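One structure below.
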Amino acid sequence: AAITGPLFLFLPFAPGRARDKSAAVQVMGIFIAASIIFTVYSGGDWMPGFRFLVPVAPMLLLLAVIGLHNVFLVARQAGLFTAVPQRLLAVFLITAVFSTAFYGRTMIRGQIPTMATGLRAIRGHALPVHFQVAKWLRDNTSGAFSVATGEAGLIGYWNPGLRLLDCNGLMDKNVARIRKTGGALNADYFLDQEPDFIILPGLDIPDPALVDPTPSGAYVSAFLTNPRFQASYHLVQQFSGFGIYARTGN
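Every letter in the sequence shown is one number past the one before it in the working numbering, and letter 196, counting from 1, is 178.
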């Protein structure tokens, strides 16, 4: 509802009579249904930023606009709004789309000058430190390498040779089950895979949500208190909010 707002009310009217439009609606409906099934199976949209909803948000918005257009056409055929031209409807739809799209993260960029892809920036979203970590890895690695972390978006984007060991569970079903139940993360699960680097956030700016080992399966303290981690990894780079640990011998 945060993305399409009141336009959600027109979703049931999206299926139309035109074959080409109906086919497009059916395809988008399949994607949305698959996303809903996956979200339910995963225990809900539990990650920050509505990340499970984002992939299908444009489809929901488009279907809502199609539904509104169908309602308008039926109303005109019934003799209503006969004096309302098509151009006025287009202006209304454009206004509705932009007004709802400004809500949340849909048209918001981060604080990274090299990735100014939105219309306005919000503090705390895509911080420059993510870029600093990504650049450090790019400048200090070559070929394929593995990283265990829960902060992987921009870091992985700038390092195509990176193999991610996802500590937050978005790409690992075993970790996702821990996050779903709120259990404590076992660092040995990742240490057994011998990642080349382990990136831990919140070291110099402690955050209870990061260092507490039980809520949401947080992973920072799970590594820091693990004897194997202490013996096998050493801090090679400290940024404001992030620490990069390398496996001994790398």
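Glycine residues also receive a C-beta, built at the ideal position from the N, C-alpha and C atoms. None of the values given here were measured: they were computed from a predicted structure.
Assign Asp174 to buried or exposed, taking buried as 16 or more other Cβ atoms, counted over all protein chains shown, within 10 Å of its Cβ. exposed
If I measure Cβ to Cβ from Asp154 and keep anything under 8 angstroms in the same chain, skipping five residues before and after, which residues do I get? Leu147, Asp148
Between Gly26, Ile181, Ala(-4), which lies nearest to Val47 when the distance is taken from Cα to Cα? Ala(-4)
What does a CB cutoff of less than 7 angstroms around Leu(-9) pick up in its chain, not counting 5 residues either side in sequence? none
Nearest neighbour of Leu206, chosen from Gly231, Ser222, Phe172 [CA to CA]: Phe172
Count the other CB atoms, across all protein chains shown, that sit within 10 Å of the CB of Asp121; report buried if there are 16 or more and exposed otherwise. exposed
Kindly indicate the opening and closing residues of the alpha helix (DSSP H) around Val36. Val36 -> no alpha helix (DSSP H), and no H or E assigned at all.
Which first and last residues belong to the alpha helix (DSSP H) in which Phe127 is found? Run containing Phe127: none in the alpha helix (DSSP H); it sits in the beta strand (DSSP E), 127 to 131.
Enumerate in chain order the residues of its own chain whose CB-to-CB distance from Pro177 is below 8 angstroms, with the five nearest sequence positions on each side excluded. Ser128, Val129, Ala130, Leu147, Arg229
Which of helix, strand or coil does DSSP assign to Ala191? A caution first: Ala191 carries a pLDDT of 44, below 50, which makes its placement in the model unreliable, though a value can still be read off. It is helical.
In the DSSP output, what is Arg145 paired with across the bridge? Ser128
For Val7, which residues of its own chain have a beta-carbon under 6 angstroms away from its beta-carbon, when the five flanking residues on both sides are left out? Ala(-4), Pro(-3)
In chain order, what residues of the same chain lie with their CB nearer than 7 angstroms to the CB of Gly125, ignoring the 5 residues before and after it? Gly143
Between Gly132 and Tyr215, how many whole angstroms is the CB-CB distance? I'm expecting something under 8 angstroms. Actually they do not touch by this definition, with Cβ atoms about 16 angstroms apart.
Opening and closing residue of the beta strand (DSSP E) in which Gly225 lies: 224 to 229
Give every residue of the same chain whose Cβ lies closer than 8 angstroms to the Cβ of Ile137, excluding the five residues on either side of it in the sequence, and list them in chain order. His112, Val115, Ala116, Leu119, Val129, Thr131, Leu144, Ile181
With DSSP run on the structure shown, which of helix, strand or coil describes Tyr215? strand
Give every residue of the same chain whose Cβ lies closer than 8 angstroms to the Cβ of Val157, excluding the five residues on either side of it in the sequence, and list them in chain order. Asp148, Cys149, Asn150, Gly151, Leu167, Tyr171, Gly199
Since I believe Phe32 is in contact with Ser17 (beta carbons under 8 angstroms), could you give me their beta-carbon distance rounded to a whole number of angstroms? Not confirmed; about 12 angstroms, so no contact.
Rounding to the nearest angstrom, what Cα-Cα distance links His271 and Thr123 in this structure? In this structure the chain extends from -17 to 232, so residue 271 is not present and cannot be described.
The beta strand (DSSP E) spanning Phe179 covers which residue range? 179 to 183
Once you ignore the five residues that flank Arg210 on each side, which residues in its own chain have a CB closer than 8 angstroms to its CB? Ala169, Asp170, Leu173
How many angstroms separate the CA atom of Leu(-11) from the CA atom of Ala204? 44 angstroms
Under the three-state DSSP convention, the category Gln175 falls into: coil
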